[in-house]
Structures are given as structure tokens and as C-alpha cells.
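Asks: Residue numbers (full-length UniProt numbering): 1 to 156.
Quick reminder that beta carbons are idealized off the backbone N, C-alpha and C, glycines included.
This one's a predicted model, so the numbers in the text were calculated from it and none came from an experiment.
#1: By Cβ distance, which residues of its chain are closer than 8 Å to residue 124, with the 5 residues on each side in sequence left out?
#2: Which same chain residues, not among the five before or five after residue 136, have their C-beta less than 6 Å away from its C-beta?
#3: How many angstroms separate the CA atom of residue 76 from the CA atom of residue 142?
#4: Quick one: Cα of residue 105 to Cα of residue 151, how far?
#5: Going by beta carbon distance, what residues of the same chain come within less than 6 Å of residue 66, once the five residues before and after it are set aside?
#6: Between the Cα of residue 71 and those of 32, 48, 94, spot the shortest distance and give me the residue it belongs to.
#7: What does the alpha-carbon distance come out to for the pair residue 43 and residue 107?
#8: Can you tell me which of 28, 47, 51 puts its alpha carbon nearest to the alpha carbon of residue 60?
Right, dumping it as C-alpha cells:
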């Protein structure tokens, strides 16, 4: 099959969803997947093997039902309902990114102020602010890398 037909038919992996805009979607998806898996394990919803089956073999079947439900749930959300989690989170978090990522003088000063404020309280400031700020910084770094790769001037 020739490459043009593959792209025209849409049978390829869209790499645009692997960029900086998908960072928060990946975080939300990971958190939800783990919580759904934990729910299934706590409620003992899993494939149980007979007592004669070795534990190594039995343990490999534990994740089948939770994993299938998680995959089906996210597939239905994305492809049946048509909900774009990355687009939704990107729209929702863009105002915060402008402030918290330090893309402005106010954002940078706010971040430094909060880090120092936590130090005054006796709390390790970067340990508290890092998990909040770092995804926004990573998103900005990835956007700058993509812009630089495309030939844009990133030193504005």
C-alpha cells in the first residue's frame, strides 16, 4: 500500500497529540486510570483462578478486567462521544498557563513569591510549587522547541 493512500484513509498515528498540549491530558488520564484500577481491585472485580494455579500465572490475569474496562471507557469517551480531553484541558488551563508559567513578569514574581512564602512557613517551597508549576514550564519548553524547530524566532 502506498503512503499517500494510508494518509488519505487516515490510518496513521497523529503525532500532534504527543506534543505539549497533551501533557495535562496525559496526567488526567493516568490519574483516572489508576483510580479506576484501584476501585476494581478493592471491590475484588477480577478474574480468579482455581487454587491449583501458580500465583505467578494467577497474578497475570488480575489486571485483565480492570484494564479492559479502562480501555473501553476511554475509547468510548474519545471515539463514540467525541470528547477531546486535550482540547478541553488546553482551553481550560490556558489562562493559568499565562500567569503561572512565568510568561509574564507578574507570573515569574508570583511563583518566586509563593516559593519564598512557603519557606517562611517552614515548608520547602520548591517541593510545593514544583508539581504545580513544572507541567506549565514543560509545556512552554515544548512549545518553544516546536517553534524553534519550525524556524520561528523564540527570542522575542
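Replies: Considering the structure as presented:
#1: As a working note, residue 124 is residue 124 in the chain shown. Cβ neighbours of residue 124 beyond the five flanking positions: 118.
#2: As a first step, residue 136 must be located in the chain shown, where it is residue number 136. The answer, listed in chain order, is 97, 100, 101.
#3: Locating residue 76 in the chain shown gives position 76, counting from the first residue. Locating residue 142 in the chain shown gives position 142, counting from the first residue. The straight-line gap from Cα to Cα measures roughly 29 Å.
#4: Position 105 of the chain shown, counted from the first residue, corresponds to residue 105. Position 151 of the chain shown, counted from the first residue, corresponds to residue 151. Taken atom to atom, the span from the alpha-carbon of residue 105 to that of residue 151 is near 26 Å.
#5: Within the chain shown, numbered from 1, the residue matching residue 66 stands at position 66. Cβ neighbours of residue 66 beyond the five flanking positions: 37, 40.
#6: As a working mapping, residue 71 is identified with position 71 in the chain shown. Of the listed residues, the one whose Cα sits closest to residue 71 is 32.
#7: Translated into positions along the chain shown, residue 43 becomes position 43. Translated into positions along the chain shown, residue 107 becomes position 107. Each residue's Cα considered, the two are about 44 Å apart.
#8: On the chain shown, position 60 is the one that residue 60 refers to. When each option's Cα is compared against that of residue 60, the closest is 47.
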